[in-house]
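Reading through the structure tokens given below for one structure.
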Amino acid sequence: QQQVKQSPQSLIVQKGGIPIINCAYENTAFDYFPWYQQFPGKGPALLIAIRPDVSEKKEGRFTISFNKSAKQFSLHIMDSQPGDSATYFCAASSGTYKYIFGTGTRLKVLA
Amino acid sequence: GAGVSQSPSNKVTEKGKDVELRCDPISGHTALYWYRQRLGQGLEFLIYFQGNSAPDKSGLPSDRFSAERTGESVSTLTIQRTQQEDSAVYLCASTNYGGNEQFFGPGTRLTVL
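Those sequence lines, one after another, are chains G and R.
When we follow this note's numbering, the leftmost residue of the first sequence carries the number 58, and every step to the right adds one.
When we follow this note's numbering, the leftmost residue of the second sequence carries the number 14, and every step to the right adds one.
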């Protein structure tokens, strides 16, 4: 119940493509869903986050889509660039301090 | 510095030795987390400190692992009698009281030979 399942494990797209990363959860008490971006040799950094009272949130080229009934949320990267090549983690928390992280998606954007 | 810092950045040790990893959180951040990230895996919660409250140690994998934090300052994660399966990147993060965003340090890459 505490798991967050993330897919795919890895993804390769051409520059300008729209990679989509999906996450699914079971615990309906989760109320905060962040996405973190991690470059090699660096710690993860918050990219964008959503709460379940909205179905979509956009920040620049990054969009989270949230489906409360399906208990799924996804990250879309518009007009992807080689600089977006990184590992992306979804996470969920239930108003407490403890995040449950997904297993990560390694994205490569080809020039 | 403005961010979370960790030291050392890399540590190579022999099986059975003890290691100590250090985390300097962002000044003023009351909460501090330790995570373990094995190669190609997600982030595994280890321990959480919030101010002077009792820490949440529920993620520590064995009694060989311990962590300390004095007040709202530096934290150290100690691994005793290291094993090869302890090889991983150990990440530290801090947050403001009541804040959601976790600010991560660059991690310490531990290799146990």
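From the three backbone atoms N, C-alpha and C, an ideal C-beta is built for every residue, glycine too.
Cβ contact annotation for Pro91(G) (same chain, cutoff 7 Å, sequence separation greater than five): Leu103, Ala106 and Ala148, in chain order. Annotated as proximal: Ser18(R) and Gly118(R), with beta-carbon spacing under 7 Å. Among the CB atoms of chain G, one or more fall inside 7 Å of the CB of Glu114(R).
Ile75(G): not part of any beta strand (DSSP E); DSSP gives it neither H nor E. Judged by DSSP in its simplified three-state form, Pro68(R) adopts coil rather than helix or strand. Distance between Leu167(G) and Ile77(G), taken at the CA atoms: about 15 Å. Secondary structure of Asp99(R) (DSSP, three-state): helix.
DSSP places Ala80(R) in the uninterrupted beta strand (DSSP E) bounded by Phe78 to Arg82. Residue-level contact check: Phe117(R) touches chain G, since one or more beta carbons of chain G fall below 7 Å from its beta carbon.
Between Leu56(R) and Ser107(R), the C-beta gap is not smaller than 7 Å, which leaves the two residues out of contact. The continuous beta strand (DSSP E) containing Phe130(G) extends over residues Gln129 to Ile134.
For Gly117(G), none of the residues of chain R pass the 7 Å Cβ criterion, the least Cβ distance being about 17 Å. In its chain, beyond the 5 residues on either side, Tyr89 and Tyr156 have a beta carbon closer than 6 Å to the beta carbon of Ser150(G). For the options Lys125(G), Thr162(G), Ile121(G) and Pro65(G), the alpha carbon positioned closest to that of Asn84(G) is the one of Lys125(G). Assigned with DSSP and collapsed to three states, Asp37(R) falls in strand. Rounded to whole angstroms, the separation of the alpha carbons of Thr95(R) and Glu27(R) is 8 Å. In the DSSP assignment, Glu113(G) is bridged to Ser122(G). Gly100(G) has a beta carbon lying within less than 7 Å of a beta carbon in chain R. Thr120(G) and Lys30(R) have their C-alpha atoms spaced approximately 46 Å apart. Sequence-distant Cβ neighbours of Glu113(G) in its own chain, meaning closer than 6 Å and more than five residues away, are Ser122.
Along the segment 103-136 of chain G, going in chain order, the ones with a CB nearer than 9 Å to a CB of chain R are Leu103 and Ala106.
If you look at Thr26(R), you'll find it in the beta strand (DSSP E) that goes Asn23 to Thr26.
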